Amino acid sequence: MNRSQTSGFFKAIGRVLPRQGLLTTEEERRPYECDGLSGYRELPLAVALPDQVEQVQKILSICAEYEVPVVARGAGTGLSGGATPHREGLLLCMTRFDRIIDIDPVGRTARVQPGVRNLLISETAGRYGLYYAPDPSSQIACSIGGNVAENAGGVHCLKYGLTVHNVLRLEVVLMGGERVIIGSEALDTPGYDLLALLTGSEGMLGVVTEITVRLLPVPSTARALLASFNDVEVAADAVARVIGAGVIPAGLEMMDNLAIRAAEDFVQAGYPRDAAAILICELDGTQAEVDRQVELVSSVLREQGATAVRVSSDETERLKFWSGRKNAFPAVGRISPDYYCIDGTIPRRQIGRVLRRIAELSKDYDLRVANVFHAGDGNLHPLILYDSSKTGEFERTEELGGSILSLCVEAGGTITGEHGVGLEKIDQMCVQFESCALEQFHQIKSAFDPNGLLNPGKAVPTLARCIEFNARHVHGGELPFPELERF
3 MNRSQTSGFF KAIGRVLPRQ GLLTTEEERR PYECDGLSGY RELPLAVALP DQVEQVQKIL
63 SICAEYEVPV VARGAGTGLS GGATPHREGL LLCMTRFDRI IDIDPVGRTA RVQPGVRNLL
123 ISETAGRYGL YYAPDPSSQI ACSIGGNVAE NAGGVHCLKY GLTVHNVLRL EVVLMGGERV
183 IIGSEALDTP GYDLLALLTG SEGMLGVVTE ITVRLLPVPS TARALLASFN DVEVAADAVA
243 RVIGAGVIPA GLEMMDNLAI RAAEDFVQAG YPRDAAAILI CELDGTQAEV DRQVELVSSV
303 LREQGATAVR VSSDETERLK FWSGRKNAFP AVGRISPDYY CIDGTIPRRQ IGRVLRRIAE
363 LSKDYDLRVA NVFHAGDGNL HPLILYDSSK TGEFERTEEL GGSILSLCVE AGGTITGEHG
423 VGLEKIDQMC VQFESCALEQ FHQIKSAFDP NGLLNPGKAV PTLARCIEFN ARHVHGGELP
483 FPELERF
């Protein structure tokens, strides 16, 4: 836009929002320059802070008229750069949509606005003996709208599913300002499953303004096991054995020695500092069911090489076991100037092999890697430790991250489990998907957002970008998709 158009745009938005609802100075915009992936930073043209659905509708309609890109943002805890602003665009911050509208204890649902913190839903529903199952490690801060955008998981997603399995209904505003309802509180709705399409769409198809989530009864009993191992691969193999024994734990997490020591120094969770790896396995249900499963899982872990297995004696100790895992990311932040969190998913049977290869890549790139992840569903979170003040080290870190994600695809997995693609993994989309699939993704995007104004440049790469990436990194200079030379 030229100066006159920019002035007109600001005036139009200013008529929709109160004075404090539109931030335009550099000082006001600076706190919004990045999300949790701080390696990517960009100042937006402006930041809008609506608190009513009608405001969101009018803002998007104005942006469509002026052809201004829009990036929706929640709490900014995302780790893939999905909420990184567009330099010529409006950052639409949804944090003022922070009300829990209704809790239905009979129907076991909650209607909430997108700015509500994940943990607050469970805290509010707890008075009825209910809770919201998906629990990302950032649940104390992350917003439910961001969880929907990225299809977030957490330590309990193995048994209770990701966000997509726990959302029933969405109210969404499309780029032209239209307000639509996706899904319902019924068990199923006719037509295409647009609810699953919108969940995990990373703000590229619409802006979520209300969410109805499924609530579950708080289990009557929950106990955690802490198993220690002298070998990382042995611990990894034990994961598949537990599932193979017919047990679906509420959570099954793994940490290697570097992550163990960092967490223990930070929160004193009682972890064995000399262990090569630990598994944390939570079992919940009735007392009889949990007692039976504790005995079975303890036996399986010992048979698979665990050097010690501790069972939480009470709720305090159970929470203590989890405290180290829940605080692993900030704990690692204390032992390195910076860290880069990767998110890839692989088949459980491949965990040992992939971890061994990650260790080899760590040596090749001369960068330490701490592994802490959702072992039960194969969702890896290697944390690459680096120093951004050293010239070229962030770029080398990105290369290592890309190699790890390519390894996940090679192992039969995928480049993300819960963090989304955003900016971070957009080139690795070229590794995972063929040209025909990418074309379909773009056609879906176009159906919702014909002018490509919602979160442009994220999640789905252009075919031209994939040609360039694969020619540079995969095919030694040869075009991987010769039929796409026209792009």
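Here the working numbering runs 2 ahead of the position in the sequence shown, where the first position is 1.
Glycine included, every Cβ here is placed at the ideal spot set by N, Cα and C.
As the structure is a prediction and not an experimental result, all values here were calculated from the model.
Can you tell me whether residue i is buried or exposed? The criterion is at least 16 other CB atoms within 10 Å of its CB, across all chains shown.
i: Asn4; result: exposed
i: Asn120; result: buried
i: Gly272; result: exposed
i: Lys328; result: buried
i: Val169; result: buried
i: Lys447; result: buried
i: Val18; result: buried
i: Glu255; result: buried
i: Ser230; result: buried
i: Ala277; result: buried
i: Lys365; result: exposed
i: Glu212; result: buried
i: Gln59; result: buried
i: Asn232; result: exposed
i: Gly109; result: exposed
i: Val215; result: buried
i: Thr318; result: exposed
i: Gly419; result: buried
i: Ile417; result: buried
i: Gly248; result: exposed
So, helix, strand or coil for residue i, using DSSP?
i: Met256; result: strand
i: Asn373; result: strand
i: Ala226; result: strand
i: Phe483; result: Note that Phe483 scores a pLDDT of 39, beneath 50, so its modelled location is shaky; the value from the coordinates is reported in the next line. Residue state, collapsed to three classes: coil.
i: Glu319; result: helix
i: Thr211; result: strand
i: Tyr42; result: coil
i: Cys144; result: coil
i: Leu81; result: coil
i: Tyr194; result: coil
i: Asn168; result: coil
i: Pro219; result: strand
i: Gly354; result: helix
i: Thr399; result: helix
i: Gly346; result: strand
i: Ala127; result: helix
i: Cys490; result: There is no way to answer for residue 490, as the model of the chain reaches only from 3 to 489.
i: Arg36; result: The sequence as given places Cys at residue 36; Arg does not occur at that position. Reduced to three states, the DSSP call for Cys36 is coil.
i: Ala188; result: coil
Using the C-alpha atoms, what's the distance from residue j back to residue i?
i: Ser563; j: Ser82; result: Summary: the structure shown does not reach residue 563, with the chain confined to residues 3 through 489, and so no result is reported for it.
i: Gly38; j: Val371; result: 18 Å
i: Gly326; j: Gly415; result: 27 Å
i: Gly253; j: Ile245; result: 11 Å
i: Asp106; j: Phe12; result: 41 Å
i: Gly185; j: Met96; result: 21 Å
i: Gly335; j: Ala361; result: 20 Å
i: Asp190; j: Leu197; result: 10 Å
i: Tyr194; j: Phe396; result: 42 Å
i: Ile499; j: Val374; result: Past the boundaries of the shown model lies residue 499; the chain is included only from 3 to 489, so the question cannot be answered.
i: Arg320; j: Arg225; result: 6 Å
i: Ala66; j: Asn453; result: 8 Å
i: Leu132; j: Val302; result: 32 Å
i: Gly208; j: Leu62; result: 10 Å
i: Val166; j: Asp286; result: 22 Å
i: Ile337; j: Ala449; result: 46 Å
i: Gly394; j: Lys427; result: 19 Å
i: Ala85; j: Met206; result: 11 Å
i: His421; j: Ala143; result: 15 Å
i: Val292; j: Val299; result: 10 Å
i: Cys343; j: Ile282; result: 20 Å
i: Asp429; j: Asp368; result: 23 Å
i: Ile250; j: Ser314; result: 18 Å
i: Thr8; j: Tyr134; result: 43 Å
i: Glu204; j: Glu305; result: 43 Å
i: Val363; j: Leu385; result: The sequence shown places Leu at residue 363, not Val. Distance between the alpha carbons of Leu363 and Leu385: 13 Å.
So, under 8 Å CB-CB, residue i and residue j are touching, yes? Tell me the CB distance rounded to an integer number of Å.
i: Ile146; j: Val114; result: 6 Å
i: Arg129; j: Gly117; result: In fact, because the Cβ distance is near 21 Å, the residues do not count as touching under 8 Å.
i: Ile348; j: Gly378; result: Between Gly378 and Ile348 the Cβ distance is about 12 Å, and since that is not below 8 Å, they are no contact.
i: Leu382; j: Gly424; result: So it is not a contact: roughly 17 Å between Cβ atoms.
i: Ile64; j: Ala112; result: In fact, because the Cβ distance is near 32 Å, the residues do not count as touching under 8 Å.
Is residue i close to chain D, meaning its C-beta is less than 9 Å from at least one C-beta of that chain?
i: Gly326; result: This model lacks chain D altogether, as it is built from one protein chain only.
- prompt: Does the pairing of the stretch 129-140 with the stretch 151-160 give three or more beta-carbon distances under 8 Å?
  reply: Cβ pair count under 8 Å is three or more, so yes.
- prompt: Between the stretch 209-222 and the stretch 116-130, do at least 3 Cβ pairs fall closer than 8 Å?
  reply: Taking a contact to require three or more Cβ pairs closer than 8 Å, the stretch 209-222 and the stretch 116-130 qualify as touching.
- request: Indicate whether the contact test is met: 3 or more Cβ pairs, each with one atom in the stretch 457-471 and one in the stretch 83-102, closer than 8 Å.
  value: yes
message: Count Cβ pairs between the stretch 50-60 and the stretch 352-360 that sit closer than 8 Å; are there 3 or more?
response: no
task: Specify whether the stretch 294-311 and the stretch 255-266 touch according to this definition: at least 3 beta carbon pairs, one from each stretch, less than 8 Å apart.
output: no
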